[in-house]
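In our numbering, the protein residues as written are 228 to 527. Every residue gets a Cβ at the ideal spot worked out from N, C-alpha and C, and that includes glycine. Single-structure report; data block below.
Rendered as structure tokens:
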């Protein structure tokens, strides 16, 4: 079996058996295509450790980020580990392939007061009744109020909302379902959008979908449109040229911990499989506390 054939079978395995997200599978497929271009479309049995190391070294010289190199290492090890497990290869040449250590990068977080001012401004515009403004206000409030991923927000159907309990059912990574609460501001924004904004957007499409959030042509909103909303409203607040919806998820988690929320409760709300993933937000909170101490304490 040649590498290209193995990659096709392996990526189908990732979708059908391991139930990985489409985005993760696309990233792995891209990484393995890069590997194939580097070492050649050889039979699996002819790939050795030195060829894999040369591939990663070429990526390092090219300037690929550490996170990219780590993911590519994981993709290669996953492919060859699968090949051994399913009898396509007698030994695994990637066992001694070592990924570079990732540098810890803390997520950008919006200040709670500044974020409140931005959201108040969005609500003020939405009060005029424009369907797009009503939708954008609800999008921002739900991303922040429930700490959702952009894919989760785009996938919400009307039936997933429990407006009486102020909760939403979402499908997270690995097709794991969870129910997440959202606050009163998000509830008000959703109510206004569902009553006054969504019907107007739905009328623009031929057969409106069951999605809560619709694009300007009446179809289910896509991640790109959500990115544009967040970038337009939030980027100036966090001091970055490009900011995506994850900035609101980071902010929600950090503000919850700043307010005394239990770490495991935040983990459950965000849908993290590992508590270690959630713990990065404790570092963010700690750094904010340290900065405040240095600015204000006479003995700092």
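query: Can you tell me the Cα-Cα spacing of residue 296 and residue 398, whole angstroms?; result: 29 angstroms
query: Is it the case that the Cβ atoms of residue 447 and residue 361 are separated by a distance below 8 angstroms?; result: no
query: For the candidate residues 288, 281, 412 and 289, whose alpha-carbon lies nearest to that of residue 303?; result: 281
query: Over the uninterrupted beta strand (DSSP E) stretch that includes residue 232, give me the two end residues.; result: Here residue 232 belongs to no beta strand (DSSP E); instead the alpha helix (DSSP H) covers 230-243.
query: Among the residues of its own chain, which have a CB less than 6 angstroms from the CB of residue 268, if the five just before and after it don't count?; result: 229, 230 and 231
query: Going by other Cβ atoms of all chains shown within 10 Å of its Cβ, with 16 needed for buried, is residue 372 buried or exposed?; result: buried
query: Classify residue 322 as buried or exposed, calling it buried when 16 or more other Cβ atoms lie within 10 Å of its own Cβ.; result: exposed
query: For residue 388, is the classification buried or exposed, using 16 other Cβ atoms within 10 angstroms of its Cβ as the cut-off for buried?; result: buried
query: Could you check whether residue 279 and residue 233 sit closer than 8 angstroms to each other, using their CB atoms as the reference points?; result: no
query: Going by DSSP, what residue range makes up the beta strand (DSSP E) through residue 359?; result: That residue, residue 359, is in no beta strand (DSSP E); its alpha helix (DSSP H) goes 358-373.
query: Quick check on the DSSP output: the beta strand (DSSP E) that includes residue 398 runs from which residue to which?; result: 394-398
query: Is the CB-CB distance between residue 490 and residue 475 below 8 angstroms?; result: no
query: DSSP beta-bridge partners for residue 613?; result: This structure cannot settle anything about residue 613, because the visible part of the chain is limited to 228 through 527.
query: Who pairs with residue 470 in a beta bridge, going by DSSP?; result: Answer is none; residue 470 lacks a bridge partner.
query: Taking the alpha-carbon positions, what's the residue 270 to residue 263 distance?; result: 11 angstroms
query: Kindly indicate which three-state DSSP category residue 407 falls into: helix, strand or coil?; result: strand
query: What is the DSSP secondary structure of residue 447, reduced to helix, strand or coil?; result: strand
query: How many whole angstroms separate the CB atoms of residue 349 and residue 460, which I take to be in contact at a CB cut-off of 8 angstroms?; result: 6 angstroms
query: If residue 369 and residue 453 are in contact, beta carbons under 8 angstroms, what's the gap, nearest whole angstrom?; result: Going by Cβ atoms, the distance from residue 369 to residue 453 rounds to 10 angstroms, so no, they are not a contact pair.
query: Only counting the same chain, and skipping five residues up and downstream in sequence, which positions put a Cβ closer than 6 angstroms to that of residue 326?; result: 297 and 300
query: CB residue 342 to CB residue 512, shorter than 8 angstroms?; result: no
query: Starting from residue 389, follow its DSSP beta bridges and name the residues at the other end.; result: 394
query: Roughly how far, in whole angstroms, is the beta-carbon of residue 355 from the beta-carbon of residue 364, given that I think they are within contact range, below 8 angstroms?; result: Not a contact, Cβ separation roughly 11 angstroms.
query: Roughly how many angstroms lie between the CA atoms of residue 425 and residue 510, to the nearest whole one?; result: 39 angstroms
query: Helix, strand or coil: which one does DSSP assign to residue 426?; result: helix
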